[in-house]
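Residue numbers (the numbering used here), protein chains in the order written: chain A, 1 to 124; chain L, 1001 to 1157. Even for Gly, the Cβ is constructed at its ideal location relative to N, Cα and C. The model shown is predicted, which means the values in this text are computed figures rather than measured ones. Note sheet for the following structure.
What follows is the structure, given as structure tokens:
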């Protein structure tokens, strides 16, 4: 287990807070996921919030939409940063998968959670 | 006139612009006036991802925007002109430029700014710039999304 690996969830409104709370409640794992809201932020301030949440840790940043202010802020500050991988379209299945695969190297855990998250979308 | 929305929004192109305003207004092009983005291809790619393929995006700095504004105003398509700052909008709309309305969409907190609405923070200088701009013709209101109530500049003092 990579105890240093962190997940930062960046989303509109209260989505991040709710997703992190639900993931922690289901898994019993805490202090790994950090929620960040874009409420009341211009891009610079949102970038600062994300940087504070990452705090130098190797991190998967989960973003709600595949475009828009949250993704722009993350990529503007952390594009090309080797210790940061960005996964868009965050959902609960993705976060739970992340919490239980933190032993994987950063690039692999990002691919793993993206695959699990997209696989959770089904029509029945 | 084919620019149907002039907006100041420091998040530039994002959901409120593309979905909140762009859809009901039937926007077919967006002019983003921002010196940093106009000089950065990868940032332009990032903003293109936020917009449907049917919507054209034009990236410009202030000088180009001043020069090409009449061209965009004469475009047969419906467009949105967007700046990230009060100063940039004031520079583009010099002497009113035949603009009927300017929308304050999102100007967030920074040191020196005072809250006027939950999504509008202005320094006193920015407020004065907007008052001067309004005296040149455009009516200026704050309204983050079309379903919200428009708030006049006098009520933001």
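Compare the C-beta of residue i with all C-beta atoms of chain A and state if any pair is closer than 8 Å.
| i | result |
| --- | --- |
| residue 1010 of chain L | yes |
Which residues of chain L have a Cβ atom closer than 9 Å to the Cβ of residue i, listed in chain order?
| i | result |
| --- | --- |
| residue 67 of chain A | 1013, 1014, 1015, 1018, 1046, 1047, 1048, 1049, 1050 and 1051 |
| residue 45 of chain A | 1108, 1109 and 1110 |
Indicate whether at least one CB of chain L lies closer than 8 Å to the CB of residue i.
| i | result |
| --- | --- |
| residue 97 of chain A | no |
| residue 72 of chain A | yes |
| residue 42 of chain A | yes |
| residue 14 of chain A | no |
Residues of chain L with CB closer than 7 Å to the CB of residue i, please, in chain order.
| i | result |
| --- | --- |
| residue 75 of chain A | 1046 |
Rounded to whole angstroms, what's the CA-CA distance from residue i to residue j? Just pull it up for me.
| i | j | result |
| --- | --- | --- |
| residue 115 of chain A | residue 64 of chain A | 15 Å |
| residue 1134 of chain L | residue 1091 of chain L | 13 Å |
| residue 1037 of chain L | residue 1047 of chain L | 9 Å |
| residue 1012 of chain L | residue 111 of chain A | 30 Å |
| residue 62 of chain A | residue 1081 of chain L | 31 Å |
| residue 1049 of chain L | residue 1042 of chain L | 11 Å |
| residue 102 of chain A | residue 119 of chain A | 19 Å |
| residue 1079 of chain L | residue 4 of chain A | 47 Å |
| residue 1066 of chain L | residue 1075 of chain L | 15 Å |
| residue 1127 of chain L | residue 1084 of chain L | 15 Å |
| residue 23 of chain A | residue 89 of chain A | 16 Å |
| residue 1022 of chain L | residue 1077 of chain L | 13 Å |
| residue 1028 of chain L | residue 1141 of chain L | 23 Å |
| residue 108 of chain A | residue 75 of chain A | 19 Å |
| residue 1071 of chain L | residue 1064 of chain L | 11 Å |
| residue 19 of chain A | residue 70 of chain A | 16 Å |
| residue 1054 of chain L | residue 79 of chain A | 28 Å |
| residue 40 of chain A | residue 1156 of chain L | 17 Å |
| residue 1139 of chain L | residue 1026 of chain L | 22 Å |
| residue 1052 of chain L | residue 91 of chain A | 23 Å |
| residue 1093 of chain L | residue 29 of chain A | 54 Å |
| residue 121 of chain A | residue 1040 of chain L | 35 Å |
Please report the Cβ distance between residue i and residue j, rounded to the nearest whole angstrom; I am assuming they are in contact, meaning their Cβ atoms lie under 8 Å.
| i | j | result |
| --- | --- | --- |
| residue 72 of chain A | residue 43 of chain A | 6 Å |
| residue 1160 of chain L | residue 1099 of chain L | The first residue shown for chain L is 1001 and the last is 1157, placing residue 1160 of chain L beyond what the model contains. |
| residue 1008 of chain L | residue 1089 of chain L | 5 Å |
| residue 1129 of chain L | residue 1087 of chain L | 7 Å |
| residue 13 of chain A | residue 37 of chain A | 7 Å |
| residue 27 of chain A | residue 99 of chain A | 5 Å |
| residue 113 of chain A | residue 60 of chain A | 7 Å |
| residue 106 of chain A | residue 58 of chain A | 5 Å |
| residue 1109 of chain L | residue 1010 of chain L | In fact, because the Cβ distance is near 10 Å, the residues do not count as touching under 8 Å. |
| residue 35 of chain A | residue 17 of chain A | 4 Å |
Using 8 Å as the cut-off, can you tell me whether the region 1094 to 1109 of chain L makes contact with the region 1118 to 1128 of chain L, which would need three or more C-beta pairs spanning the two stretches below that distance?
Touching, per the Cβ criterion.
Are the region 1013 to 1022 of chain L and the region 1136 to 1147 of chain L touching by the rule of at least three beta carbon pairs closer than 8 Å?
Yes, they touch.
Count the C-beta pairs between the region 1059 to 1074 of chain L and the region 1031 to 1041 of chain L that are closer than 8 Å, then say yes if the count reaches three, no if not.
Yes, the region 1059 to 1074 of chain L is in contact with the region 1031 to 1041 of chain L.
Flag this pair as touching only if the region 53 to 64 of chain A and the region 81 to 95 of chain A have three or more C-beta atom pairs under 8 Å; answer yes or no.
Result yes; three or more Cβ-Cβ pairs closer than 8 Å.
Okay, do the region 92 to 99 of chain A and the region 3 to 23 of chain A touch, 3+ Cβ pairs below 8 Å being the bar?
Segments in contact, yes.
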